[in-house]
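Undergrad:
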Ligand code: AMP
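In the working numbering, the protein residues as written are 12 to 201.
1. Does the segment 27-46 touch the segment 72-91, meaning 3 or more C-beta pairs lie closer than 8 Å?
2. Look at the Cβ atom of residue 150, then the Cβ atom of residue 157, and state whether they are nearer than 8 Å.
3. Might you give, ordered along the chain, the residues of its own chain that have their beta carbon closer than 6 Å to the beta carbon of residue 2, omitting 5 neighbours on each side?
4. Can you give me the start and stop residues for the alpha helix (DSSP H) that residue 171 sits inside?
5. Buried or exposed for residue 101, going by 16 or more other Cβ atoms inside 10 Å?
6. Determine the direct distance from the alpha carbon of residue 91 to that of residue 76, and round the result to whole angstroms.
7. Can you tell me where the beta strand (DSSP E) holding residue 122 begins and where it ends?
8. Any heavy atom of the ligand AMP closer than 7 Å to the beta-carbon of residue 71?
9. Quick one: is residue 28 buried, meaning 16 or more other Cβ sit within 10 Å of its Cβ, or exposed?
10. Using the beta-carbon count (16 or more within 10 Å), is residue 52 buried or exposed?
11. Starting from residue 27, follow its DSSP beta bridges and name the residues at the other end.
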């Protein structure tokens, strides 16, 4: 099995690309953001815990997120691998992921990053907010908080994966099909 981390800032197009890549490579797509939103909608305990953080544009605490991710992986061992979207977002999450995957005889195969300029992305998110129904997409202050969280807590992962020779950056500007092609060029190597 392979385990691909789809990496990028909010609005970079991870979710859009994951929809294509999961079909193409028969992967289980795990978007931690989607799992949180599902739990919030269904008013579960997990959803109640996560909601206040998400609504402010802050990251949900690691312990909550890591437990949830493990649970999602264990439920879905039936495909050719995993496509992680929006996870890991902190060094602690990346380390927990390594330890966990090792315990089930897997490892992170590669991290593929979608690169794009911040201002382009903020505009994209505001545009998406008109239809996504996501409160965290509609308010520029919350979007800026998400970027601050990214810069402070998530950006250090680039070095983390570069140090392991697992970091592949792809230009995230272009048509959806072009970007799928760029990502596929990396994933097909494994
Ligand atoms: P996303 O859909 O990936 O943009 O995630 C939306 C929100 O869910 C984020 O702004 C965080 O509040 C929360 N979230 C998603 N994934 C994680 C994660 N790996 N760690 C902490 N919080 C997360």
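The beta carbon of each residue, even a glycine, is placed where N, CA and C say it ideally should be.
TA: So, to answer that:
1. yes
2. no
3. Given a span of 12 to 201 for the chain in the structure shown, any question on residue 2 remains unanswerable.
4. 167-173
5. buried
6. 23 Å
7. 121-126
8. yes
9. buried
10. exposed
11. BP columns for residue 27 are empty, so no partner.
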